[in-house]
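This report concerns only the one structure given below.
Following this line, the structure appears as structure tokens:
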């Protein structure tokens, strides 16, 4: 759906150094949309399609942001009105996950950088 492309376009436009809080990852658009509807207090949340390394199936996440710093994202994530378990992601990391090929390539690159 167009909403999926809208989420990716929203992140693509973010400058370097921007952060997001990733609330949940689910395997279907319907599940992600239901999760968002159950958490209407997350006014800044968006649904974004992406891929996990080694998996060609589209995944869907709900993210909030953008935040101009890691500290701002962390502060938001600690808010008592925000569901527990969110992970802070850089916009750059999210952009790397928009196709199965780039998710795999960047995962391999991150592994090489750890050596």
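Residue numbers (the working numbering): 49 to 163.
For glycine and all other residues, C-beta sits at the position ideal for the given N, C-alpha and C.
{"Query": "Nearest candidate by alpha-carbon position, reference residue 55, set 109, 129 and 71", "Result": "109"}
{"Query": "Pair within 8 Å by beta-carbon distance, residue 143 and residue 60", "Result": "yes"}
{"Query": "Presumed contact (8 Å Cβ cut-off) between residue 151 and residue 136, rounded CB distance", "Result": "The Cβ separation is near 19 Å, so there is no contact."}
{"Query": "Residue 162 versus residue 155: straight-line alpha-carbon distance, rounded", "Result": "11 Å"}
{"Query": "8 Å Cβ cutoff met for residue 77 and residue 147", "Result": "no"}
{"Query": "Span of the alpha helix (DSSP H), counted from its first residue to its last, around residue 118", "Result": "118 to 125"}
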